[in-house]
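K.L.:
Residue numbers (my numbering), protein chains in the order written: chain L, 152 to 407; chain Z, 152 to 407.
#1: Along the region 309 to 340 of chain L, where does the CB come closer than 7 Å to a CB of chain Z? Name the residues.
#2: Check the C-beta distance from residue 283 of chain L over to residue 263 of chain L and give it rounded, since I have them as a contact under 8 Å.
#3: For chain Z, check one thing: does any of its Cβ atoms lie closer than 8 Å to the Cβ of residue 198 of chain L?
#4: Candidates Z/307, Z/218, Z/323, Z/180: which alpha carbon is nearest residue 275 of chain L's?
#5: Under a three-way DSSP split, which group does residue 378 of chain Z fall into?
#6: Near residue 157 of chain Z, which residues of its chain fall below 8 Å by C-beta distance, leaving aside the five closest residues on each side in sequence?
#7: Which residues in chain Z have a C-beta closer than 7 Å to the C-beta of residue 269 of chain L? List them in chain order.
#8: Please list the terminal residues of the continuous beta strand (DSSP E) segment that includes residue 262 of chain L.
#9: Alpha carbon to alpha carbon, how far is residue 388 of chain L from residue 226 of chain Z?
#10: Just mark residue 200 of chain L as buried or exposed, buried being the case when its beta carbon has 16 or more other beta carbons within 10 Å.
#11: Quick one: list the residues of chain L neighbouring residue 216 of chain Z, beta-carbon separation under 8 Å, in chain order.
#12: Would you say residue 343 of chain Z faces chain L, with C-beta separation under 8 Å as the test?
#13: With a threshold of 7 Å on Cβ separation, who are the neighbours of residue 319 of chain L within its own chain once the five nearest residues in sequence on each side are excluded?
#14: List, in chain order, every chain L residue whose beta-carbon is nearer than 8 Å to that of residue 281 of chain Z.
#15: Run the proximity test for residue 257 of chain L: is its beta-carbon closer than 7 Å to any non-hydrogen atom belonging to the ligand ATP?
#16: Would you list, in sequence order, the uninterrupted alpha helix (DSSP H) runs of no fewer than 4 residues that lie entirely inside the region 322 to 366 of chain Z?
#17: Since I believe residue 277 of chain L is in contact with residue 316 of chain L (beta carbons under 8 Å), could you give me their beta-carbon distance rounded to a whole number of angstroms?
#18: So with Cβ pairs under 8 Å, would you call residue 368 of chain L a contact of chain Z?
#19: Counting along the chain, where does the beta strand (DSSP E) carrying residue 204 of chain Z start and finish?
#20: Expressed to the nearest angstrom, what Euclidean distance is found between the alpha-carbon atoms of residue 336 of chain L and residue 224 of chain L?
#21: Counting only runs that start and end within the region 155 to 202 of chain L, where is the beta strand (DSSP E) found for 3 or more residues in a row?
#22: I'd like the span of the beta strand (DSSP E) that includes residue 272 of chain Z, first residue to last.
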């Protein structure tokens, strides 16, 4: 496995790749500038669903990254688009900070949509969702990441609650963000890039690397964020390249 | 599939079989009396871990059931025994009402033990357990039931949180209560009964019926409690008998 020769587009995960919390990964601001100077088209794909896109952008810009709003593709916005396309009236179990972006729950829901509700994942809220799912409502989730890196260590991500609800209901959730194929395809379509000539840079072995490879792209794993050494010995998912951090990843891509 | 000819022991699940909440299933008190009159040895096996055994017993006696404390085998007591045998010092995430029975969490835990913590299943408590599990501590759970019947409908049981933590940690929990083989074997040993001549009566297709059958016993499903019609069309688990309720189950056992 190796990176494609002369890649024609790069997809970049945000948290854990460009920054940890509110700290830029050392050298990442400059590396992104170098990548842009190469002319390669870029998209930033995030499964973070505790913040609206506007605040994610402000955070990145505050750390010095030159990124524009329409370059960032979030699972929240993708969920909002999907709900509109299907004309659904969901019950939302999401973080309070994204209610303005996604919309309020309907009193007579015809679907369930989950985001990373964080502290809102409590027994009563989960039991309410459970009962709606047992009535057969569609089960749509923004992501199913296992965990993410916080300043004080790894923490549970929404995948815990998605997997738990799937177990108890016997239902299978439909994922909107990574590693769902349509989420990657939307980025490729916007960039006019072929999957086989595109590299995704991420710190999540399953949802970034596994997802990118399933979509026909190369997956470059960085050893920052939620990365753990065990990720390099996974029985099924083998990154096309592994680099210490985002600056090293950019160097590898520009050398390919 | 059928019940064993002349069964020599009967194991009985409690919630959903003898009672729903604080209401005895109609005719169940009399049916239990008739079963006792037959001389068949009995054990009551429960995965309910929100109450200590003493309170479960008081509730049953208050509904009119003639049951003694040492006939009731609970997942909480089984977990306490296992912790003592292995000399563990667990961190417990359990319901506050069983802390007196199971013991308090240790400050420097060498294992994690989960019960049905109910409202204590919140993000912070689950994240604490997650971090201990990621450090490699043994993961012991009293049960992994999907849901249970409450007066106002089905509700999430602890299995949701067990499955979710397994997903996020990549670890596999060790179950103490049903459907764990040792839990059934302990009851058979106490009764001196052969598995092939023993019938378990339960309302949980997976943990009662599937567990009993895996242990070599017959599984009799009742159409009360958490029973759902779909349970009779499961692709893998097929009860040896299905009866409308506990009185009908007793009649079937005594006729076998």
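Here a beta-carbon is modelled for each residue, glycine too, at the ideal position from N, C-alpha and C.
As the structure is a computational prediction, the values presented were derived from the model and not from experiment.
P.N.:
So, from the data block:
#1: Of all residues in the region 309 to 340 of chain L, 310, 311, 312, 314, 315, 316, 318, 319 have a Cβ within less than 7 Å of some Cβ in chain Z.
#2: Start at 1 with the first residue of the first chain, and residue 283 of chain L comes out as number 132. Start at 1 with the first residue of the first chain, and residue 263 of chain L comes out as number 112. Taking a contact as a CB-CB distance under 8 Å, the pair residue 283 of chain L and residue 263 of chain L counts as one, their CB atoms being some 5 Å apart.
#3: On the first chain, residue 198 of chain L is found 47 positions in, with the first residue counted as 1. For residue 198 of chain L, the answer is no, since every Cβ of chain Z falls outside 8 Å of its Cβ.
#4: Here residue 275 of chain L refers to the residue found at position 124 of the first chain. Nearest of Z/307, Z/218, Z/323, Z/180 to residue 275 of chain L, Cα basis: Z/307.
#5: The residue labelled residue 378 of chain Z in the question sits at position 227 within the second chain. Secondary structure of residue 378 of chain Z (DSSP, three-state): coil.
#6: Counted from its first residue, the second chain places residue 157 of chain Z at position 6. Excluding positions up to five away in sequence, the list reads 348, 407.
#7: Reading the first chain from its first residue, position 118 is the one you call residue 269 of chain L. Residues of chain Z passing the Cβ test: 274.
#8: Taking the first chain and counting its residues from 1, the one referred to as residue 262 of chain L is at position 111. 262 to 265 is the span of the beta strand (DSSP E), which, as asked, contains residue 262 of chain L.
#9: The residue given as residue 388 of chain L occupies position 237 in the first chain. The residue given as residue 226 of chain Z occupies position 75 in the second chain. For residue 388 of chain L and residue 226 of chain Z, the distance between alpha carbons rounds to 38 Å.
#10: Along the first chain, read from residue 1 onward, the residue named residue 200 of chain L stands at position 49. Per the 10 Å Cβ criterion, buried.
#11: Position 65 of the second chain, counted from the first residue, corresponds to residue 216 of chain Z. Going along chain L, no residue has its Cβ under 8 Å from residue 216 of chain Z, so there is no contact; the nearest lies around 28 Å.
#12: Position 192 of the second chain, counting from 1, holds the residue named residue 343 of chain Z. No, because no Cβ of chain L sits closer than 8 Å to the Cβ of residue 343 of chain Z.
#13: Counting from 1 along the first chain, the entry for residue 319 of chain L is found at position 168. Excluding positions up to five away in sequence, the list reads 281.
#14: Within the second chain, residue 281 of chain Z is the residue found at index 130, counting from 1. One finds 298, 305, 306, 307, 311 in chain L with Cβ atoms closer than 8 Å to the Cβ of residue 281 of chain Z, taken in chain order.
#15: Only the bare structure without any ligand can be found here, which leaves the ligand ATP out of the picture.
#16: Runs of the alpha helix (DSSP H) inside the region 322 to 366 of chain Z: 332 to 342, 362 to 365.
#17: Within the first chain, numbered from 1, the residue matching residue 316 of chain L stands at position 165. Within the first chain, numbered from 1, the residue matching residue 277 of chain L stands at position 126. About 7 Å separates the beta carbon of residue 316 of chain L from that of residue 277 of chain L, a gap short enough to meet the 8 Å contact definition.
#18: Here residue 368 of chain L refers to the residue found at position 217 when the first chain is read from its first residue. Interface residue (Cβ-Cβ distance to chain Z less than 8 Å): residue 368 of chain L is not classified as such.
#19: One-based indexing of the second chain puts residue 204 of chain Z at position 53. Membership of residue 204 of chain Z in any beta strand (DSSP E) is not indicated; the residue belongs instead to the alpha helix (DSSP H) covering 204 to 213.
#20: Along the first chain, read from residue 1 onward, the residue named residue 336 of chain L stands at position 185. Along the first chain, read from residue 1 onward, the residue named residue 224 of chain L stands at position 73. Between the alpha carbons of residue 336 of chain L and residue 224 of chain L lies a distance of about 12 Å.
#21: Correct list: 160 to 164, 193 to 197.
#22: Locating residue 272 of chain Z in the second chain gives position 121, counting from the first residue. That residue, residue 272 of chain Z, is in no beta strand (DSSP E); it is neither H nor E in DSSP.
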